[in-house]
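Novice:
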Amino acid sequence: MVIAFVGSVFSPYYAAARRRGIADPLDHCALNVALYGRGGRWAMTERRAAAVQRSADSLAIGPSRVTWDGDSLWIEVREIAVPLPRPVVGRVRVRPLALADRGFALDAAGRHLWQPIAPAARVEVTFDRPGLAWTGSGYVDSNFGSRPLEQDFARWSWARADREDGGAAVTYDVERRDGSRLGLALNFDRQARATPFAAPAETVLPLTGWRVERPVRSDPSHRPAVIRTLEDSPFYARSVVSARWDGQPVTAVHESLSLDRFDRRWVQALLPFRMPRTLR
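Residue numbers (the numbering used here): 1356 to 1635.
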């Protein structure tokens, strides 16, 4: 899992800067790399604007770089893991089957947008440190907004799965601060065309160790289950789950986020252990 942050929405340093006044998002950028399995590593070093370079087709954050060449998204990783300072060095190539051209507003005012860029893609992973290689299916999306997430949302959950026809399916549920909710359930074909499907009811899976809720949608004919918990933090969980969507059994990557939790000072005080900040 690789996420490039420009204005890291989960940064305790960015949150503190906003409390002091206007903060520059470019002063809070990071490339988050999570490698799971034996020898897995986690890196998310936050960097200042002087370490960030942007163009129409590339983004460099410190020694790491993301580049689009018109056919593939290349991710060159040069990071240091935490809490044990071990190198994370490798390359990821993402080749979209097709590019989607539609975004979705997550709030009524349109301040927060979700863009499924490549709902289905082929991914090639080669890392020297740690030594690993993998080829499989993947996904590229983008979230961007003009206000802190915790101001407009209480929580959200998201899940994405491969479909048997080579496309993908996504569910996205948000609870807004005003009490309203948005639920998306979308099938994407191999040309990245989105078709809504009737979202089944939510089932709450077992809480994580940090007591984070994991609501997941699944057809009544299938009882969803947690296959594996990948991340368990005070405000965020990432899991692999089994479910059934639109009549088809799926194995999905599921994410659950509590912005109420993130907004608490004691939670943000813990985050520097996983999100160090450097002046370079």
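Just so it is clear, CB atoms sit at the ideal spot from N, CA and C, and this is done for glycine as well.
1) Compare the beta carbon distance of V1559 and F1590 with 8 Å and say whether it is the shorter of the two.
2) In the stretch 1415-1493, which residue ranges form an unbroken beta strand (DSSP E) of at least 3 residues, counting only runs that do not cross its ends?
3) Assuming R1569 and S1613 are in contact, meaning their beta carbons sit under 8 Å apart, how far apart are those beta carbons, in whole angstroms?
4) Here's the rule I'm using: 16 or more other beta-carbon atoms within 10 Å means buried, otherwise exposed. How should I1416 be labelled?
5) For the 8 Å Cβ check, are there 3 or more pairs between the stretch 1501-1518 and the stretch 1426-1437?
6) Roughly how many angstroms separate the alpha carbons of P1485 and A1475, rounded to a whole number?
7) How should F1499 be labelled, buried or exposed, when 16 other C-beta atoms within 10 angstroms of its C-beta is the threshold for buried?
8) On the three-state DSSP scale, how would you describe E1505?
9) Please give the ranges of any beta strand (DSSP E) in the stretch 1508-1561, keeping only runs that are unbroken, at least 3 residues long and fully inside the region.
10) Mark W1600 as exposed unless 16 or more other C-beta atoms lie within 10 angstroms of its C-beta, in which case mark it buried.
11) Where do the ends of the alpha helix (DSSP H) carrying V1567 lie?
12) Please name the residue in S1501, G1394, G1465 and P1471 whose C-alpha comes closest to that of A1523.
13) Could you tell me the alpha carbon to alpha carbon distance between L1454 and R1548, rounded to whole angstroms?
14) Under a Cβ-count criterion, where at least 16 other Cβ atoms within 10 Å of its own Cβ denotes burial, should D1462 be classed as buried or exposed?
15) With distance defined between alpha-carbon atoms, name the residue in R1450, E1557 and L1414 nearest to E1479.
16) DSSP three-state label for L1625, please.
17) Can you name the start and end residues of the beta strand (DSSP E) that R1599 belongs to?
18) Quick check on this structure: which residue in W1513, V1608 and C1384 has the alpha carbon closest to the alpha carbon of A1406?
19) Please specify which runs of the beta strand (DSSP E), each continuous and at least 3 residues long, are wholly inside the stretch 1356-1384, giving them in chain order.
20) By Cβ distance below 7 Å, which residues in the same chain neighbour T1422 in space, the five residues on each side in sequence not counted?
21) Where do the ends of the alpha helix (DSSP H) carrying R1616 lie?
22) What did DSSP end up calling R1632 once you bin it into helix, strand or coil?
23) Leaving out five residues before and five after G1493 in sequence, what residues of the same chain have Cβ atoms less than 6 Å from its Cβ?
24) Please classify L1504 as buried or exposed, where buried requires at least 16 other C-beta atoms within 10 Å of its C-beta.
25) Whose C-beta lies closer than 7 Å to the C-beta of R1403 among residues of the same chain, with five residues either side of it excluded?
26) Which residues bound the beta strand (DSSP E) around A1580?
27) Among V1571, G1362 and S1594, which has the Cα closest to the Cα of D1379?
28) Can you give me the C-alpha to C-alpha distance between F1459 and S1501, rounded to a whole angstrom?
29) For W1513, I'd like the list of residues in its chain whose CB is within less than 6 Å of its CB, leaving aside the five on either flank, ordered along the chain.
Specialist: In short:
1) no
2) 1419-1423, 1428-1435, 1442-1451 and 1467-1484
3) Contact flag wrong, Cβ pair sits at about 11 Å.
4) buried
5) no
6) 26 Å
7) exposed
8) helix
9) 1508-1517, 1523-1531, 1536-1543, 1549-1551 and 1557-1560
10) buried
11) First-last for V1567: undefined, no H or E at that position.
12) P1471
13) 9 Å
14) buried
15) R1450
16) helix
17) Y1591 to W1600
18) C1384
19) 1357-1361
20) D1412, S1413 and W1429
21) L1614 to F1617
22) strand
23) V1449, A1476 and V1478
24) buried
25) D1382 and L1634
26) A1580 to D1587
27) G1362
28) 15 Å
29) Y1527 and E1610
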